[in-house]
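**Q**
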Ligand SMILES: [Zn+2]
């Protein structure tokens, strides 16, 4: 109707209420889909925006590679799903179709037919016949048919791939033979674990102080009894996608910020061209030493978690720039490392005379790709090669805009763990106001100072605490952070907003350590994971030692248990006391005391409370896993020239994947 308005009377512009950014946009199966924001985009120069844009395009070009690595028929399944979603002519409102859409979303989310985290195969909640009807009702030209293959033959091939419970059962198996039993596509032909080991053992050079990452960028193939590496490179395996990545990296290099970026990006291009792992190391050495550039990226075959042998790497990409405000904060913390050490509540004999904080930067991501998409980590620490880390250092980053998105999305969800486990509205408000900030600072203190603080007494063996060392070490770092979070100097340094903020972290720490983290432990089982043990140890110890003074109070109302902090100052004192004791245990290597404290506070769960927590948590119906929709960085054209790049925030998960399927699919789906 707007078009009908008389031209001479321009409607008066009403100030539109700015629509609030919605973080949580979709939920299905055990997954939730969020959006993340790119703050301060307009403070970047046009050149910086172009650089990010080109790197972002490169980050999207390896999507097919990851799918194919995860399982050899993932691309066939995904392209079939795309064909149905793009062209199916039948009823799209039916319950069956909706169930099919859930399956499609899960395949997009997992980059394949296996759960992204649990790694077992999942299945569509529709019948095989309905699935076949969907394919028959779609445009056959869009299906990944072989030459001369009929749609019926194709369906006969695809049905067991999707539905058979025994076929490609698990992506990465720990059952012998781990190669034979894994559906992951790093090995081809009738190849056994022992053969893989023999192949690579022959390659390794003894006493090599700077070994390449053997096997990192190839598929190991057995053909006619011979075993060889099919290398990922421009004229090798995944060549079409790699060429596209190289093309965008070359464009990026024309607008890079400085020579150092240009140099290592060229190394990366050389590596993608030749597949030479020596060049990959050279690239990493140059990359890790660049701490000055504002914009940074990760692009390559990097993480080896998916390979049962822990050698072959999945493809991933991230584009990011520095979160200056947050980086200033972590720099302030590490610059003051000595002050914190000198004021630590531990016995002065255990303090370090000279201490250096580890510098870590905070980043804002602009595009996620490959194994970081849609489900990314919130921190990254690279490169992976041990000798490069030792000789040249590593980059440790925290992704602040993703952490923020997680927090904000949890706020938007009407069912929240915070509301369920916090005792009062006051506590909820406190956590909402300061929770994200306080949590980030606690993490900074833990990483930049906590682990590095203190020293062993002469004669104490570093491994003296044996199987209890990780739990005690995490407790030490956490306690260092908890103790100093409440330090007035934190406000003076501008690291914490005010003298109340630390209380939010204290509340959530105790709530989590005493209760909510138990939701992740199976009923009847002990707490076994080191970080969880640490949080339980710290919380339970302080609860017990503050009992007489009622520092933390257990309240039960309407059958629900709560732990309420009555005296924050006293709790800080307890954190200090426990830190002093755990530092003593570490410095003296007091194995017996370490064992006693872990066994008493960190392991055993009160079965009644455990059951209650599980029930309360399950009733919330929270989705345990989260992933994201990428923002779109779009060129703004004027007279055929790019004059700017703007950021758009799409909210349709399926639409983004269908678009990626059209614009960033370079590999043929083979079967
Ligand atoms: Zn730690």
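In this note's numbering, the protein residues as written are 1 to 671. We put the CB at the ideal spot given by N, CA and C, even for glycine.
Can you name, in chain order, every residue of its own chain whose Cβ lies under 8 Å from the Cβ of residue 415, other than the five neighbours on each side?
**A** Around residue 415: 620, 621 and 622.
**Q** Distance, Cα to Cα, residue 167 vs residue 129?
**A** If you take the alpha carbons of residue 167 and residue 129, they lie about 19 Å apart.
**Q** According to DSSP, simplified to helix, strand and coil, what is residue 10?
**A** Summary for residue 10: the model assigns pLDDT 43, below 50, so the residue's position carries little reliability; its value from the coordinates is reported in the next sentence. Note: residue 10 maps to coil in three-state DSSP.
**Q** Quick check on the burial criterion: 16 or more other C-beta atoms within 10 angstroms. Buried or exposed for residue 284?
**A** Burial call: buried.
**Q** Ligand 1 and residue 477: does the residue's C-beta get closer than 7 Å to at least one heavy atom of that ligand?
**A** It does: the Cβ of residue 477 is within 7 Å (strictly closer) of some heavy atom of ligand 1.
**Q** By DSSP's criteria, residue 370 is part of a beta bridge. Which residues make up the other side?
**A** Per DSSP, 316.
**Q** Out of 650, 111 and 633, which one is the CA nearest neighbour of residue 642?
**A** The shortest Cα separation from residue 642 among 650, 111 and 633 belongs to 633.
**Q** Less than 7 Å separating the Cβ of residue 442 from some heavy atom of ligand 1?
**A** Not under cutoff, so the answer is no.
**Q** What do you reckon, is the C-beta of residue 505 under 7 Å from a heavy atom of ligand 1?
**A** No - ligand 1 has no heavy atom lying nearer than 7 Å to the Cβ of residue 505.
**Q** How is residue 153 classed by DSSP in three states: helix, strand or coil?
**A** Residue 153: helix per DSSP, three-state reduction.
**Q** Relative to the C-alpha of residue 603, which residue among 444, 514 and 161 is closest?
**A** Of the candidates 444, 514 and 161, the one whose C-alpha sits nearest the C-alpha of residue 603 is 514.
**Q** Looking at ligand 1, does it come within less than 7 Å of residue 125, judged from the CB to the closest heavy atom?
**A** Because no heavy atom of ligand 1 lies under 7 Å away, the Cβ of residue 125 does not count as near it: no.
**Q** Among residues of its own chain, excluding the 5 on either side of residue 314, which ones have a beta-carbon nearer than 6 Å to its beta-carbon?
**A** So the list reads 66, 69, 303, 306 and 371, once near-sequence residues are dropped.
**Q** I need the boundaries of the beta strand (DSSP E) containing residue 647, first residue and last residue.
**A** That run of the beta strand (DSSP E) goes 641-648.
**Q** In whole angstroms, give me the CA-to-CA distance for residue 615 and residue 522.
**A** Near 12 Å, if we compare the C-alpha coordinates of residue 522 and residue 615.
**Q** Can you tell which of 479, 584 and 591 has the C-alpha that lies nearest to the C-alpha of residue 536?
**A** Closest option to residue 536, Cα to Cα, is 479.
**Q** Any heavy atom of ligand 1 closer than 7 Å to the CB of residue 474?
**A** Indeed, a heavy atom of ligand 1 lies less than 7 Å from the Cβ.
**Q** According to DSSP, residue 321 sits in a beta bridge with which residue or residues?
**A** Answer is 295 and 364.
**Q** Hey, how far is the Cα of residue 362 from the Cα of residue 509?
**A** Looking at the two C-alpha atoms, the distance is approximately 22 Å.
**Q** Taking 8 Å as the cut-off, decide whether the C-beta atoms of residue 430 and residue 504 are in contact.
**A** Result yes, Cβ atoms of residue 430 and residue 504 sit closer than 8 Å.
**Q** Would you mind reading off the limits of the alpha helix (DSSP H) that contains residue 168?
**A** First-last for residue 168: undefined, no H or E at that position.
**Q** Exposed or buried, residue 631, counting other C-beta atoms within 10 Å across all chains shown (16 or more means buried)?
**A** That one is buried.
**Q** Could you spell out the range, first to last residue, of the alpha helix (DSSP H) harbouring residue 433?
**A** Residue 433 -> alpha helix (DSSP H) spans 425-444.
**Q** What are the partner residues of residue 561, as DSSP defines its beta bridges?
**A** Paired residue(s): 556.
**Q** May I ask you to report which of helix, strand or coil DSSP gives residue 628?
**A** The answer is strand: DSSP assigns residue 628 an E or B state.
**Q** Less than 8 Å separating the beta-carbons of residue 417 and residue 291?
**A** No, the pair does not count as a contact, with Cβ atoms beyond the cut-off.
**Q** Can you tell me whether residue 201 is buried or exposed? The criterion is at least 16 other CB atoms within 10 Å of its CB, across all chains shown.
**A** By the neighbour-count rule (16 or more Cβ atoms within 10 Å), residue 201 is not buried but exposed.
**Q** Any idea which residues DSSP pairs residue 332 with across the strands?
**A** Note: residue 332 sits in no beta bridge, so no partner.
**Q** Can you give me the start and stop residues for the alpha helix (DSSP H) that residue 514 sits inside?
**A** Unbroken alpha helix (DSSP H) run through residue 514: 502-514.
**Q** Within 7 Å: the Cβ of residue 115 and any heavy atom of ligand 1?
**A** No, the Cβ of residue 115 stays beyond 7 Å of every heavy atom of ligand 1.
**Q** When the Cα atoms are used, what is the spatial distance from residue 547 to residue 657?
**A** Using only the alpha carbons, I get a separation of about 54 Å.
**Q** Rounded to the nearest angstrom, what separates residue 617 and residue 608 at their Cα positions?
**A** One C-alpha to the other measures close to 14 Å.
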